[in-house]
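Quick note on numbering: the sequence shown equals residues 53 to 464 in the numbering used here.
Where is the CB? At the ideal position from N, CA and C, for every residue including glycine.
Note that this is a predicted model, so its numbers are computed, not measured.
Worksheet: one structure, shown below.
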Amino acid sequence: MTKAPILRSTPADWKATGIIAVVCAIAVGGAAITANINQAHLSQAAVPGDKDAPALADVPEALHESFSLPNEPVPGQYRAVSAHGLTITHADHTLTATNPDGSEAWTYERTDADLCSLSTAWDKIVASYKTGVGCGDTVAIEAATGEYDSTRSAVNSEEVVPVSSNDRVGTVSTDRIDLWRSDLVRTVEYGDVEAKQEPDKQPHEDCTISSALTRTENLALTESCPDKPGATWLRFQDTTPDDSREPDIAADVDIATDGARLVAVGQKAAAVYRPGQNPTIESYDNKGEKLDSTSAEPSPDIDAGASPFAPATADLPHHMTWFDGSRLYLFKPSDLAVDHVVEDAIGTPIAVDEHMLVPTQEGIAVMDWSTGKTLRTIPVDRGSYHGPVYLTLAGDTIVETRGDQVVGLSAD
Numbered sequence: 053m054t055k056a057p058i059l060r061s062t063p064a065d066w067k068a069t070g071i072i073a074v075v076c077a078i079a080v081g082g083a084a085i086t087a088n089i090n091q092a093h094l095s096q097a098a099v100p101g102d103k104d105a106p107a108l109a110d111v112p113e114a115l116h117e118s119f120s121l122p123n124e125p126v127p128g129q130y131r132a133v134s135a136h137g138l139t140i141t142h143a144d145h146t147l148t149a150t151n152p153d154g155s156e157a158w159t160y161e162r163t164d165a166d167l168c169s170l171s172t173a174w175d176k177i178v179a180s181y182k183t184g185v186g187c188g189d190t191v192a193i194e195a196a197t198g199e200y201d202s203t204r205s206a207v208n209s210e211e212v213v214p215v216s217s218n219d220r221v222g223t224v225s226t227d228r229i230d231l232w233r234s235d236l237v238r239t240v241e242y243g244d245v246e247a248k249q250e251p252d253k254q255p256h257e258d259c260t261i262s263s264a265l266t267r268t269e270n271l272a273l274t275e276s277c278p279d280k281p282g283a284t285w286l287r288f289q290d291t292t293p294d295d296s297r298e299p300d301i302a303a304d305v306d307i308a309t310d311g312a313r314l315v316a317v318g319q320k321a322a323a324v325y326r327p328g329q330n331p332t333i334e335s336y337d338n339k340g341e342k343l344d345s346t347s348a349e350p351s352p353d354i355d356a357g358a359s360p361f362a363p364a365t366a367d368l369p370h371h372m373t374w375f376d377g378s379r380l381y382l383f384k385p386s387d388l389a390v391d392h393v394v395e396d397a398i399g400t401p402i403a404v405d406e407h408m409l410v411p412t413q414e415g416i417a418v419m420d421w422s423t424g425k426t427l428r429t430i431p432v433d434r435g436s437y438h439g440p441v442y443l444t445l446a447g448d449t450i451v452e453t454r455g456d457q458v459v460g461l462s463a464d
C-alpha cells in the first residue's frame, strides 16, 4: 500500500504561503475600495415609510408654491419622477426624494459616474449610471423607505433614453433595447448585442432603433434598416419571451415613410407619427393591422430629429396623451385613435377627480376629458419662465417641471 505523501513545511514554504496571503488580501481590499458601491451614499431623513401616500381627491380652487428644486433631467425625461407621494429630482450627482411639504425624505449621492437614466415602477426609483461599460450600472431604491432594493451591472450603450411602464423599466438606444422586471433581471434584450453568448438570436441587429414604448406585455419599437432606407419598421414583441436573449416578435409593420416615431402605446396597440407634407398619426394592433389614421400638424419635437426619440407622454384613466411640442393629443385606449387635441397646452397633463388638468400659459386648465372643453383655469405665476411645463402628481402635490426647475404646488 502506497503511503500518502507528507506535505512539506519548510521556512521557505511558510514564506511563500504568507506572500500569497498578503497578495490576495491586497487584491480583495483594492477591489472593495474601488468598487462602485463605495462611491455611492444613500441616506434617509424624513422618510414616509410604508404608510399610504396622501392623495389629491379634489381639484383645487387655488394653488400656492410649496417647494422649488433644481433638476438636471436625463435625456428623454420630461416630467419629474414621483413615487409613493415623493418627488424625485437630480442635481449635483445627487438624487433627492422630497416630501409633499418640501422636506427631504432621502438622498442618493454618487460621485464616480454620471446619471444616464431615471425611471419609476413598483414604488421604486430605478437609476442607471454611465461607467466603463456604458449606461449599465443600475440601482433600485424603495421610494417609501429610501433603502436599497436591488442592483445590476451589464454592458449597455453609452447614450440612452429611459423606457418604462407599471410592469417594466429599461433603456433604449439606437443600438439596443433592454427591459427589466421588478428584481432588475433582464426580460428583453433586443438589437446589436455585445458579447453574444449564442449566434443568430437577434433578428434585426443591423437596424437603427428610433423609438420604443412599452405597456404590460407589449413592447413596440420603430427602427430603420439598411435594406429599406426609405421606410420605418414598426415592430411588436412580448416583454416576457421564453429567452430574454431571443426576442419574441409578434408583428412587423412596414411604414413607407422615413422618420416615423412612436407617440403612444396600449396593451395591444401602438400609435406612430408619420412626418411629411401631410403628417398623420396612425395606430396599429399587435397583429400588424391598421386601426386608425388621423391628420396631424407638424411636430416640433419629432422634426428636431433626435434619435432615439422619447415622446412626452402621460397616461390618464380614459386616455393616453402625447405633447408634440406645440399641442396635446388625447388617444382612446382601445384603438389609440386621436380623440381630442388641446391646442393651448404647453405640456403633459394629470388627472384629478374625473378631470384633466392641463398646463397652459395662464396656469392649469381644468378640462372635461370626455369633450376636451376647458371648465376653468387655476392661475399659476411662473415668473419669467415661458417654456414647456410638464405636470406630475406626487401625493396631494401638483408638481410642475419647468426646464431645470421642479416646483411643487399645493392647494390653498
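Pairwise C-beta distances place the region 415 to 424 out of contact with the region 90 to 97, as fewer than three of them are shorter than 8 Å. Check the Cα spacing between A157 and each of Y130, Y200 and I140: the tightest is with I140. Under the Cβ criterion (8 Å, minimum of three pairs), the region 164 to 174 counts as touching the region 113 to 133.
In this structure, DSSP gives I398 a state outside helix and strand, which the three-state scheme calls coil. For D353, the enclosing alpha helix (DSSP H) stretches over residues P352 to D355. Cα atoms of D337 and A321: separation of roughly 4 Å, rounded to the nearest angstrom. D235 counts as exposed, since fewer than 16 other C-beta atoms from the protein chains shown sit within 10 angstroms of its C-beta. In this structure W232 is not in contact with T226, their Cβ atoms being roughly 20 Å apart against a cut-off of 8 Å. Annotated three-state conformation of Q254 is coil, per DSSP. For S118, the uninterrupted beta strand (DSSP E) run begins and ends at L115 to P122, by DSSP. For K280, the enclosing beta strand (DSSP E) starts and ends at K280 to D290.
Using a Cβ distance threshold of 8 Å, L108 and L461 do not count as a contacting pair.
Around the Cβ of P360, a 10 Å sphere holds 16 or more other Cβ atoms; the residue is buried. Taking the Cβ atoms as the reference, F383 lies roughly 6 Å from D391, within the contact range of under 8 Å.
If the five residues before and after P431 are omitted, its C-beta is found closer than 6 Å to the C-beta atoms of G415, all from its own chain and listed in chain order. Between M372 and P385, the C-beta spacing is below 8 Å.
Measuring C-alpha to C-alpha distances from D279 to each of C259, Q457 and A264 identifies C259 as the nearest. The beta carbon of Q319 sits closer than 7 Å to the beta carbons of R267, T268 and N270 from its chain, once the five residues preceding and following it are set aside; these are given in chain order.
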